[in-house]
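Numbering (the working numbering), first residue to last: 46 to 159.
Built from N, CA and C at the ideal position, the CB exists for glycine as well.
These numbers come from a predicted model, not from an experiment.
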């Protein structure tokens, strides 16, 4: 699982979430931040999820669900009534992603190595 927060000012959003949740974000030169889920743990020691805070014209929140095969997941989503909007794209064996719009118009991402 991976989340993505799009912000008009990602540097300010990174500061906000760092203060709010104690997130330790790795910052890029353009002010975007990346969160390694292994650095966020609950009281039981369970790790969090990876995520990013990116620059963009339209603010929003998105998440990616880990799947074994992105193309198969996108095809299944389409059979269930979703509309594919991206993908698969990326490098097989490393990171492949795709996106679809669900029945209520929510954009959902899928990610895997195939």
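Proximity to residue i [Cα-Cα], best of the options
| i | options | result |
| --- | --- | --- |
| residue 66 | 54, 148, 82 and 152 | 82 |
| residue 108 | 159, 121, 143 and 57 | 143 |
| residue 99 | 46, 93 and 57 | 57 |
| residue 130 | 113, 118 and 74 | 118 |
| residue 26 | 75, 73, 79 and 46 | Only positions 46 to 159 of the chain appear in the structure, and residue 26 is not among them; the question remains open. |
| residue 147 | 126, 101 and 112 | 126 |
| residue 52 | 101, 60 and 76 | 101 |
| residue 47 | 76, 55 and 93 | 93 |
| residue 54 | 128, 135, 76 and 72 | 76 |
| residue 139 | 73, 86 and 113 | 113 |
8 Å contact criterion, which residue i and residue j should meet: CB distance rounded
| i | j | result |
| --- | --- | --- |
| residue 158 | residue 133 | Not confirmed; about 11 Å, so no contact. |
| residue 110 | residue 141 | Rounded, the Cβ-Cβ distance is 13 Å, inconsistent with contact. |
| residue 49 | residue 90 | With a Cβ gap of about 25 Å, residue 49 and residue 90 do not count as contacting. |
Which residues DSSP lists as bridging residue i, in chain order
| i | result |
| --- | --- |
| residue 80 | 70 and 96 |
| residue 48 | 96 and 108 |
| residue 144 | 131 and 154 |
| residue 136 | 140 |
Any non-hydrogen atom of the ligand SAM closer than 7 Å to residue i Cβ
| i | result |
| --- | --- |
| residue 79 | This structure lacks the ligand SAM, and indeed carries no ligand of any kind. |
> Are the segment 122 to 129 and the segment 142 to 158 in contact at 8 Å, needing three or more beta carbon pairs?
Replying inline: Cβ pair count under 8 Å is three or more, so yes.
> Could you give the uninterrupted runs of the alpha helix (DSSP H) lying entirely in the segment 109 to 134, keeping only those of 4 residues or more?
Replying inline: Fully enclosed alpha helix (DSSP H) runs of 4 or longer: 115 to 124.
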